[in-house]
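Read through the structure below, which is laid out as structure tokens, and then see the notes.
Protein chains: 2
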Amino acid sequence: MQIVIIGSGNVAYHLAKAFTQNQIPLVQIFGRNENDLKKIAEELHIDYSTDILKEADLYIICVSDRSVEEVSALILKKDCLVVHTSGSLPKEILAGEYRKASFYPLQTFSKSKELEYEKIPFFIEAENENDKNILFELASKISQKVMESTHEKRKYIHLTAVFACNFVNHLFTRAKEISDSQDIPFDYFLPLIDETVQKIHEMDPKLAQTGPAVRNDVRILDLHKQLLKDESLEIYETINRSIKKMYEL
Amino acid sequence: MQIVIIGSGNVAYHLAKAFTQNQIPLVQIFGRNENDLKKIAEELHIDYSTDILKEADLYIICVSDRSVEEVSALILKKDCLVVHTSGSLPKEILAGEYRKASFYPLQTFSKSKELEYEKIPFFIEAENENDKNILFELASKISQKVMESTHEKRKYIHLTAVFACNFVNHLFTRAKEISDSQDIPFDYFLPLIDETVQKIHEMDPKLAQTGPAVRNDVRILDLHKQLLKDESLEIYETINRSIKKMYEL
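Here the protein sequences line up with chains A and B, keeping their order. Residues 148 to 396 (this note's numbering) make up the first sequence, in order. Residues 148 to 396 (this note's numbering) make up the second sequence, in order.
Here it is as structure tokens:
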């Protein structure tokens, strides 16, 4: 199967790398940014182009959500499969007469970091069984976790990731704001944070909950509220309310 | 120096273990729960008692916040140092005529887990330089991170930990609720969560923020709100508001 990757960002780079590392050849990496393309192409020994898109059986579009439609219209071939890698777009956004599918890797990619590709889950949606099988087989060569997913389901996958990652990172930011205000090195909290995350590898987070809210420790809750204001106070009250509701306190 | 640990819970066990592993002898472990005491004492080869408190230079009280005062009143000796291990109580809660101090390990202890003690930060507050030095020296034998801390500062330390750990765990719980609702294994999100946490070991969480709110991606934000209700919707709105405020969006 002839595969082309379109894009030169983090997703394009990491997918291209995962494929080449697993002896899945790429006929081309195609995109607008010649500098970035060239770097990837040289590192991974792939042909690249900014203007002539090669013939292929499968095109994997790895560009930002807002560019997917436009980029997909560049593929004029009909007898091929085109996939995007977005968590939030339907496969129907792809603008061409080819077969359409979604090939969504659930991971934050950053160029500088080495990733364990086999742990990255892939969510797949296709128009027919055959295309689904092609994509399952492909994803299974680089990852141990491959699952079918409708567009509707992908919305919830993305939403779960927002809570578990984006929002968690914001709590770290607000936490650091508090420790910075008292000249306490935020580093000191890293072992505790690591432990918190390690725990949910082994048990249901609902059962792992600790802290003043789940103990309904009114003395501490009142004391903390006096130390907070503005957005941090709002977060404190909202999350405590949510904990109380969940544990019926 | 003669040291006695009072308590038989997780903090008592882990402190006793860290001390004995670092060749710091304990003259006794004292508490109410004979079963738990006996287990710790046998594992670590320490004397234990539920009724006769031995003479010592330093008593380390490792009991729940609400029992610290009562337990501290059992120590009738005057020429000694008594410390509690609570993050939220002042050292003055200790009810005796001895010298008082606070010796606060910042960690969630659970009995079953092996801990890397040298990474656990200790926060110390004492009445005088001499006691402070004694406790610094002691903590430094088991941990690489020892810092002075007033009662006021400990409140903020605890509050930081609530945001960075307790609240983070609750977000994991709400995230799992979302993925469970769609039969998506929560395990699939663990690599992404690990990556999120790994990142803040290397960079300021404020700079690591990703997601629809910091991109001000109104399409996704509106879509997500339609998928949520009740407490999860409240959390979604509160945290997005906080992100927008922080990044001046």
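Yeah, the Cβ is synthetic: ideal placement off N, Cα and C, and Gly gets one too. The structure presented is a predicted model; accordingly, all values stated were derived computationally and were not measured.
Taking 3 residues as the minimum length, the beta strand (DSSP E) runs contained wholly in the region 267-353 of chain B are 269-273, 293-295, in order along the chain.
With a threshold of 7 Å between beta carbons, A/ALA273 makes no contact with chain B. With fewer than 16 other beta carbons inside 10 angstroms of its own, B/ARG213 counts as exposed.
The beta carbon of B/ILE386 is closer than 8 Å to those of ALA360 in its chain, skipping five residues each way along the sequence. Excluding sequence positions up to five before and after A/GLU378, its CB lies within less than 8 Å of the CB of ARG321, all in the same chain and listed in chain order. Ranked by how close their Cα comes to the Cα of A/HIS298, the residues A/VAL151, A/VAL218, A/GLU284, A/ALA248 have A/ALA248 in first place. Interface criterion not met: the Cβ of B/LYS201 is under 7 Å from no Cβ in chain A. Using a 10 angstroms sphere on the CB of A/HIS348, the tally of other CB atoms stays under 16, which defines it as exposed. Sequence-distant partners of B/VAL293 (beyond 5 residues in either direction) whose C-beta falls short of 6 Å from its own C-beta, in its chain, are PHE269, PHE283, ALA286, SER287. Between the region 331-345 of chain B and the region 358-377 of chain A there are fewer than three inter-stretch CB-CB distances shorter than 8 Å, so the stretches are not counted as touching. Close partners of B/LEU282 in chain A (Cβ separation under 9 Å) are lacking, with about 17 Å as the shortest Cβ gap. As the crow flies, the alpha-carbon of B/ARG362 is around 26 Å from that of B/THR307. With distances taken between CA atoms, B/PRO352 lies nearest to A/ILE325 out of A/ILE325, A/LEU162, A/GLN329, A/LYS353. Contact of A/GLN254 with chain B is assigned, a C-beta pair being separated by under 7 Å. Judged by pairs of C-beta atoms under 8 Å, the region 261-268 of chain B does not touch the region 148-158 of chain B, as fewer than three such pairs exist. With a cutoff of 7 Å on beta-carbon distance, A/PHE177 and A/LEU162 are scored as not near each other. The beta carbon of B/TYR335 sits closer than 7 Å to some beta carbon of chain A. The closest CA to that of B/GLU276, considering only B/TYR303, B/ALA203, B/ARG246, B/TYR251, is found on B/ARG246.
Looking from the CA of B/GLU381, the closest CA among A/PHE314, A/MET350, A/ASP330, A/SER219 belongs to A/PHE314. A straight-line Cα-Cα distance of about 17 Å links B/ASN169 and B/PHE250.
Contact annotation for B/THR357 against chain A: THR255, CYS312, ASN313, ASN316 [CB-CB distance below 9 Å, chain order].
Take B/ALA165, set aside five residues on each side of it, and the residues of its chain with a beta-carbon closer than 7 Å to its own are TYR264, ILE289, in chain order. Annotation: the region 178-223 of chain B contains the following complete segments of the alpha helix (DSSP H) (minimum length 4 residues), in chain order: 181-191, 212-219. With a cutoff of 7 Å on beta-carbon distance, B/VAL344 and A/VAL344 are scored as near each other. The beta carbon of A/HIS192 does not come within 7 Å of any beta carbon belonging to chain B, so the residue lies off that interface. For A/LYS292, a Cβ of chain B is located within less than 7 Å of the residue's own Cβ.
Sixteen is the threshold: since fewer than 16 other Cβ atoms of the shown chains lie within 10 Å of the Cβ of A/VAL365, the residue is exposed.
Contiguous alpha helix (DSSP H) elements confined to the region 363-393 of chain A occur at 365-374, 377-393, taking only those with 4 or more residues.
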